[in-house]
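Trainee: Here it is, the structure in full.
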Ligand SMILES: [Zn+2]
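In the numbering used here, the protein residues as written are 1 to 197.
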C-alpha cells in the first residue's frame, strides 16, 4: 500500500532495519509522523551525530568515538590477554560483568559456510598477524564466542592460524547452546568468564 511520497520513502528506509517488515515499517513511520516535528528533528539529529561520531577502534575493531577505544588506550588493562568476541556489543556485555581486565578483539561476524561469510570478510587476519608478529606480547586468548557450530568453527580456524604457543581458553559451559552473548545475564556471563576452560 502506498501512502504519501515522503512517508513511502521513510517506510522504504525503515524496512531495511533488522526485524522490521512492511507493516511494522508503516506503523513506525506513522508513529514518527504523529510525534511531530520536534521528535523527527531529534531523531534525525541523533542519527546524523551517531553516523558522524561512531567508528571502529583501530586496534580492536570495537566501537568508540575516537581512533582508539578507551579499553585499548588504557595502560592499566592487561594487554597480554585478548578476549575474542563476535560483535562490538559483546564487549559491553563482558565489561558489564566487571570480571575481565584484558583487552578485546572484535571479529565482526563468525565463519558461516551457509552464508558464505568467509575469513576475508571477518576481522581474523589482523588478530592472527598481530599475534604471529615479532615481539608480540600477547600471551593469552580468551574466546567468548557463541557456543554454536559457527563459533566453534571460527575458534578452530584461528587456533590453526596461530603459530606461537599461547594460553587459549574459552567461556565455560553453562551457556545455552546457540545463545547469543548479548542475551546472557551478567551473573551467568561472569561465572562463565571465571570458569573458562
Ligand atoms: Zn579498541
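Ideal Cβ positions, reconstructed from N, Cα and C, are used throughout, including at glycine.
As the structure is a prediction and not an experimental result, all values here were calculated from the model.
Since residue 81 contacts residue 103 with CB under 8 angstroms, what's their CB separation in whole angstroms?
Mentor: As a first step, residue 81 must be located in the chain shown, where it is residue number 81. As a first step, residue 103 must be located in the chain shown, where it is residue number 103. Yes, they are in contact, since the Cβ atoms of residue 81 and residue 103 sit about 7 angstroms apart, within 8 angstroms.
Trainee: Between the Cα of residue 163 and those of 152, 148 and 132, spot the shortest distance and give me the residue it belongs to.
Mentor: Residue 163 sits at position 163 when you count from the first residue of the chain shown. Among 152, 148 and 132, the Cα nearest to that of residue 163 is on 132.
Trainee: Candidates 136, 64, 183 and 100: which alpha carbon is nearest residue 143's?
Mentor: Here residue 143 refers to the residue found at position 143 of the chain shown. Out of 136, 64, 183 and 100, 100 has the C-alpha closest to the C-alpha of residue 143.
Trainee: What's the call for residue 137, buried or exposed, on a 16-neighbour Cβ count within 10 Å?
Mentor: Position 137 of the chain shown holds residue 137. Residue 137 should be labelled exposed.
Trainee: Using CA coordinates, which residue listed in 94, 63, 184 and 154 is at the minimum distance from residue 120?
Mentor: Position 120 of the chain shown, counting from 1, holds the residue named residue 120. Answer by Cα proximity: 154.
Trainee: Check whether the Cβ atoms of residue 182 and residue 105 sit closer than 8 angstroms, and answer yes or no.
Mentor: Taking the first residue of the chain shown as position 1, residue 182 is located at position 182. Taking the first residue of the chain shown as position 1, residue 105 is located at position 105. Taking 8 angstroms as the Cβ cut-off, residue 182 and residue 105 do not qualify as a contacting pair.
Trainee: Going by Cα to Cα distance, which pick from 96, 123, 150 and 69 is closest to residue 188?
Mentor: If you number the chain shown from 1, residue 188 lands on position 188. The residue with the shortest Cα to Cα distance from residue 188 is 96.
Trainee: Quick one, are the C-beta atoms of residue 167 and residue 140 less than 8 angstroms apart?
Mentor: As a first step, residue 167 is located in the chain shown; it is residue number 167 there, counting from the start. As a first step, residue 140 is located in the chain shown; it is residue number 140 there, counting from the start. It is a contact, given that the beta carbons lie within the stated cut-off.
Trainee: In three-state DSSP terms, what is residue 160?
Mentor: As a first step, residue 160 must be located in the chain shown, where it is residue number 160. It is helical.
Trainee: Please state whether the Cβ-Cβ distance between residue 127 and residue 84 is less than 8 angstroms.
Mentor: For the purposes of this step, residue 127 is identified with residue 127 of the chain shown, where counting begins at 1. For the purposes of this step, residue 84 is identified with residue 84 of the chain shown, where counting begins at 1. Closer than 8 angstroms, so yes.
Trainee: Does the Cβ of residue 57 lie closer than 7 angstroms to at least one heavy atom of ligand 1?
Mentor: Position 57 of the chain shown, counted from the start, is the residue given in the question as residue 57. Flag set: Cβ of residue 57 near ligand 1.
Trainee: Measure the beta-carbon distance from residue 171 to residue 193 and round it to whole angstroms, keeping in mind my assumption that it falls under 8 angstroms.
Mentor: Residue 171 sits at position 171 when you count from the first residue of the chain shown. Residue 193 sits at position 193 when you count from the first residue of the chain shown. At roughly 6 angstroms, the Cβ-Cβ gap stays under 8 angstroms, so residue 171 and residue 193 are in contact.
Trainee: Going by DSSP, name the residue or residues bridged to residue 170.
Mentor: Translated into positions along the chain shown, residue 170 becomes position 170. 143, per the DSSP bridge assignment.
Trainee: Is the beta carbon of residue 54 within less than 7 angstroms of some heavy atom of ligand 1?
Mentor: Here residue 54 corresponds to residue number 54 of the chain shown, with the count starting at 1. Answer for residue 54: no, Cβ out of range of ligand 1.
Trainee: Could you check the C-alpha separation between residue 195 and residue 5 for me, to the nearest Å?
Mentor: Here residue 195 is taken as the residue at index 195 of the chain shown, counted from 1. Here residue 5 is taken as the residue at index 5 of the chain shown, counted from 1. Approximately 56 angstroms between the Cα atoms of the pair.
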